[in-house]
Amino acid sequence: MLTCLCSVTVIPVLFQNSLHQPKDPAVTLDHIFGVEPTKITSPSTDSEIALALRVLEGCCLLYSRCTALAHKYKAVQVLLNILASRGPTEQGVCLDALISLMLDSPSNQIDFEEYSGLEKVAELLKDIQVEEHIRLKCGEFLLLLIGHVYVKENTPIHEQMRNLLGEQCASLIWAASRFGSTLDAEQRQMALQIQARRVVESLEPY
Numbered sequence: 004m005l006t007c008l009c010s011v012t013v014i015p016v017l018f019q020n021s022l023h024q025p026k027d028p029a030v031t032l033d034h035i036f037g038v039e040p041t042k043i044t045s046p047s048t049d050s051e052i053a054l055a056l057r058v059l060e061g062c063c064l065l066y067s068r069c070t071a072l073a074h075k076y077k078a079v080q081v082l083l084n085i086l087a088s089r090g091p092t093e094q095g096v097c098l099d100a101l102i103s104l105m106l107d108s109p110s111n112q113i114d115f116e117e118y119s120g121l122e123k124v125a126e127l128l129k130d131i132q133v134e135e136h137i138r139l140k141c142g143e144f145l146l147l148l149i150g151h152v153y154v155k156e157n158t159p160i161h162e163q164m165r166n167l168l169g170e171q172c173a174s175l176i177w178a179a180s181r182f183g184s185t186l187d188a189e190q191r192q193m194a195l196q197i198q199a200r201r202v203v204e205s206l207e208p209y
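When we follow this note's numbering, the leftmost residue of the sequence shown carries the number 4, and every step to the right adds one.
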């Protein structure tokens, strides 16, 4: 119970600090003439953001209350912004955290759809200028997304995936996402990596 309570209290701290989305401060005459000093805060480093994402992922996987609480902080929108604007250090961890946010969480799944999450992941996956390990991570993400989050066939996101990635790639993701139910954790991870590479390779003609 104590661990659960600690995890729940961690979520606000993450989104108020390392995962906080900075906005341009408003400059007023009070600031200029020193009546009200402007608070200066340094942005989070790549490593700090990556660590915060790992903590968020762990909390959400352990306790569903954390997933619900993260939704109040617009977690999916924040993470999609990180995915689109930060470097490889954060992007890979961000994809893992996104899956943990959406597991058994319809509200976070709706946010993922509303903020064009699939389009953002597909864009990274198809961009040959993106580092290979991030493209492979996008492949893993899509396999987990279809295999564990959107498990029902013929949902709108399946059609969207076909439109974004092509019939061949989408069909491969659907078929491959059913792997590994009888494998141990290490074997599942290895199978996931192999299937992710096949997903990336299936895009080459496009």
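Note that the Cβ used here is the ideal one computed from N, Cα and C, for glycine as well.
DSSP three-state label for Glu134, please. As a working mapping, residue 134 is identified with position 131 in the sequence shown. Of the three classes helix, strand and coil, the one that applies to Glu134 here is coil, per DSSP.
Below 7 Å CB to CB, which residues in the same chain sit around Ile35 once its five sequence neighbours on both sides are set aside? Against the sequence shown, residue 35 aligns to sequence position 32. Residue confidence is low: Ile35 scores 44 on pLDDT, short of 50, so the model does not pin down where it sits. Its coordinate-derived value is still stated next. Excluding residues within five positions, none has a Cβ falling inside 7 Å.
Any contact between the segment 168-181 and the segment 103-115? By contact I mean 3 or more CB pairs, one from each, below 8 Å. no
Quick check: the segment 90-104 against the segment 153-171, are at least 3 beta-carbon pairs closer than 8 Å? no
Can you tell which of Leu83, Ala78, Ala179 and Gly61 has the C-alpha that lies nearest to the C-alpha of Glu126? To locate residue 126, count along the sequence shown from 1; it is residue 123. Closest option to Glu126, Cα to Cα, is Leu83.
Going straight from the alpha carbon of Ile160 to that of Ser21, what length do you get? On the sequence shown, residue 160 is found 157 positions in, with the first residue counted as 1. On the sequence shown, residue 21 is found 18 positions in, with the first residue counted as 1. About 31 Å.
Between Glu134 and Pro91, how many whole angstroms is the CB-CB distance? I'm expecting something under 8 Å. Position 131 of the sequence shown, counted from the first residue, corresponds to residue 134. Position 88 of the sequence shown, counted from the first residue, corresponds to residue 91. That belief holds up - the Cβ atoms of Glu134 and Pro91 are roughly 5 Å apart, short of 8 Å.
Locate the alpha helix (DSSP H) running through Thr158, then write down its first and last residues. Taking the first residue of the sequence shown as position 1, residue 158 is located at position 155. Segment: none, Thr158 is in no alpha helix (DSSP H) and carries neither H nor E.
Determine, using beta carbons only, whether Ile14 and Ala73 come nearer to each other than 7 Å. Along the sequence shown, read from residue 1 onward, the residue named residue 14 stands at position 11. Along the sequence shown, read from residue 1 onward, the residue named residue 73 stands at position 70. Yes, these two residues count as a Cβ contact at 7 Å.
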